[in-house]
Amino acid sequence: MAITTGTMTDEQRKSVALEYLKAFDNGGVTSTGGSILDLFAEDAQVFFPKWGLANGRKEIGKLFGDIGGTLNSIKHDYATFNWIFSGGDTIVAEGTSHGEHQDGAWRAGVPEWAAGRWCDVFEIRDWTIQRCFIYLDPDYAGKDTQRYPWLNEAGAGT
């Protein structure tokens with residue numbers, strides 16, 4: 001674990017989280033032209049459903065490459081985010097997104113049960129993301145309906 005060298009405000013932590021989300025929307029490039037990986041501590045952790053836990057920048061790069069390789073585009077809906085501040089290094093962002101996955105397009109709420117709603121739990125210290133756990137349905141195109149009887153009954157996929 002890294003030694004803390006400076007105190008950050010909640011708004012400063014939020015700015016780092018927003019930079020990360022906007023870089024993801026921009027193909028992994030930050031607003032200054034750097035890599036999204038530059039926003040992470042060397043020993044950071046990222047969790048993504050159905051991928052698992054990535055430890056350190058090298059594994060995080062692989063995770064983002066694997067996930068990003070399935071996306072043609074993604075856009076987070078910044079204006080509707082909910083932010084929760086812990087009073088410490090942890091902040092939570094809840095929001096929606098839309099875009100196009102290799103299997104098809106998605107938009108939060110269309111249909112209501114499908115992908116597009118997400119929640120990210122960040123630990124941000126010293127202007128870097130130490131930890132980001134991503135909670136969402138990774139079935140962006142809504143193809144995984146056979147295993148859920150309530151979706152089949154509702155005519156999912158139509």
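Last residue of the sequence shown: 158 (the UniProt record's numbering), numbering continuous.
Think of the CB as a built atom: it goes at the ideal place given N, C-alpha and C, for glycine as much as any other residue.
Legend entry - Whole-Å CB distance - A93 paired with D120, under 8 Å assumed: Contact annotation, A93 with D120: C-beta distance approximately 5 Å; criterion of less than 8 Å satisfied.
Inset, instruction - Measure from the alpha carbon of R57 to the alpha carbon of each residue in G68, Q45 and K50, then state which is nearest. - result: The residue with the shortest Cα to Cα distance from R57 is Q45.
Inset, instruction - Check each candidate in T32, S15 and R125 and name the one with the smallest Cα separation from T90. - result: The shortest Cα separation from T90 among T32, S15 and R125 belongs to R125.
Legend entry - Distance CB(E19)-CB(T7) smaller than 8 Å: A distance of 8 Å or more separates the beta carbons of E19 and T7.
Legend entry - Delimiting residues of the beta strand (DSSP E) encompassing I60: For I60, there is no enclosing beta strand (DSSP E); the enclosing alpha helix (DSSP H) covers residues G56 to G68.
Inset, instruction - Report, in whole angstroms, the separation of the C-beta atoms of W106 and Y148, which I expect to be a contact under 8 Å. - result: Incorrect: roughly 17 Å between the Cβ atoms, too far for contact.
Inset, instruction - Report all residues from its chain with a CB closer than 7 Å to the CB of G109; omit the five preceding and five following residues, and keep chain order. - result: Contacts found: G116.
Inset, instruction - Could you check if W118 is buried or exposed, using at least 16 other CB atoms within 10 Å of its CB as the buried criterion? - result: It counts as buried.
Inset, instruction - Mark I39 as exposed unless 16 or more other C-beta atoms lie within 10 angstroms of its C-beta, in which case mark it buried. - result: Going by the sequence as given, residue 39 is Leu instead of Ile. Classification for L39: buried.
Legend entry - Beta carbon of I134 nearer than 8 Å to that of A41: Against a cut-off of 8 Å, the Cβ pair of A41 and I134 comes out as no contact.
Inset, instruction - Kindly give me the distance between the Cβ atoms of G28 and G68, rounded to whole angstroms, as I take these residues to be in contact under 8 Å. - result: Yes, they are in contact, since the Cβ atoms of G28 and G68 sit about 7 Å apart, within 8 Å.
Inset, instruction - Measuring alpha carbon to alpha carbon, tell me which of I36, H76 and S73 ends up nearest G61. - result: Measuring from the Cα of G61, the nearest candidate turns out to be I36.
Inset, instruction - Spell out the partners DSSP gives N82 in its beta bridges. - result: E94, per the DSSP bridge assignment.
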